[in-house]
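S.K.: Below is one structure. I have some questions about it.
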């Protein structure tokens, strides 16, 4: 009789205490400090994970022993939650509501393979439940995987464009440096070839020849600059 009483007491405690997973999830949703990441919907009948990546990275490890969003969704499925919006991660369970924490005790984990004999060791029922989780959440998992693949492709494409632009800018910078160097060499060459007469170490100005040299130099620089500018605008 004592054994039966103890079993009855344990069963009562089990039924009057909410499952730890639900209690932890409720705490995350209720916390106003995390409303930008996860919160109740407008009428408090469901909760929304607004930023799945931040939710998995920053919040899950604080209460759970993992940071896997897909595993979290599978756990929700085993407790009868369902995704009720296509454009966002909104989950509904009729007993999981804002301000009704006492209703958590009424939510029970779904039994998998109820029509088959239960194994002698309770721990062996866990893989079967996870199998059901995986089947029920296959659609959401594949959708998440597809979005990650698309994002990876987009980033690779943008990286290729940036590398191409960088190479182009390096080439144009080199051409500009070459033009500056050519201008310096041209002035030096003109200085060496200057045949104007000198008086006390100072070259005398010869109007005609000086103007002709300036004109040629400006002509060369103008052509080089035009070529460089035309290439920069492509």
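Residue numbers (full-length UniProt numbering): 1 to 234.
For each residue, glycine too, the CB sits at the ideal point set by N, CA and C.
Please read these numbers as outputs of a predicted model, since none were measured by experiment.
1) Quick one: grab the DSSP three-state call for residue 90.
2) So if DSSP puts residue 48 in a beta bridge, which residue, or which two residues, is it bridged to?
3) Which residue from 77, 184, 33 and 19 puts its Cα closest to that of residue 104?
4) Going by DSSP, which residues form a beta bridge with residue 215?
5) Roughly how many angstroms separate the alpha carbons of residue 176 and residue 159, rounded to a whole number?
6) Give the straight-line distance between the Cα atoms of residue 51 and residue 226, rounded to the nearest whole angstrom.
7) What's the call for residue 59, buried or exposed, on a 16-neighbour Cβ count within 10 Å?
8) Residue 28 and residue 76 look like a contact to me (Cβ under 8 Å); what is the Cβ gap, rounded to whole Å?
9) When the Cα of residue 81 is compared with those of 189, 37, 68 and 26, which residue comes out closest?
10) If residue 93 sits next to residue 79, beta carbons under 8 Å apart, how far is it from one beta carbon to the other, in whole angstroms?
11) In terms of residues, what are the limits of the alpha helix (DSSP H) holding residue 103?
12) Return helix, strand or coil for residue 82, following the three-state DSSP convention.
13) Just the C-alpha distance for residue 24 and residue 153, rounded to the nearest angstrom, thanks.
14) Going by the beta-carbon positions, is the gap between residue 38 and residue 47 smaller than 9 Å?
15) If contacts are defined as beta-carbon pairs under 8 Å, then residue 107 and residue 95 qualify, I think. What distance do you get, rounded to the angstrom?
16) Could you give the distance in angstroms between the alpha-carbon of residue 170 and the alpha-carbon of residue 179?
17) If you draw a straight line from the alpha carbon of residue 40 to that of residue 172, how long is it in whole angstroms?
18) Residue 43: which of 184, 99 and 161 sits nearest, CA to CA?
19) By DSSP, does residue 170 sit in helix, in strand, or in coil?
20) Which residues in the same chain as residue 185 place their Cβ atom closer than 6 Å to its Cβ, once the five residues preceding and following it in sequence are excluded?
21) Below 6 Å CB to CB, which residues in the same chain sit around residue 71 once its five sequence neighbours on both sides are set aside?
22) Does the beta-carbon of residue 156 have 16 or more other beta-carbons within 10 angstroms, so that it is buried, or is it exposed?
M.R.: Inspection of the coordinates gives the following:
1) DSSP places residue 90 in strand when its eight states are reduced to three.
2) 39 and 90
3) 19
4) BP columns for residue 215 are empty, so no partner.
5) 26 Å
6) 52 Å
7) By the neighbour-count rule (16 or more Cβ atoms within 10 Å), residue 59 is buried.
8) Actually they are not in contact, since the Cβ atoms of residue 28 and residue 76 sit about 12 Å apart, beyond 8 Å.
9) 26
10) 7 Å
11) No alpha helix (DSSP H) holds residue 103; DSSP gives it neither H nor E.
12) strand
13) 36 Å
14) Going by C-beta atoms, residue 38 is nearer than 9 Å to residue 47.
15) That pair is a contact at about 5 Å.
16) Going from the Cα of residue 170 to the Cα of residue 179 covers about 14 Å.
17) 55 Å
18) Selection 184, 99 and 161 evaluated against residue 43 yields 99 as nearest (Cα-Cα).
19) DSSP places residue 170 in helix when its eight states are reduced to three.
20) none
21) Nothing meets the Cβ criterion.
22) So residue 156 ends up on the exposed side.
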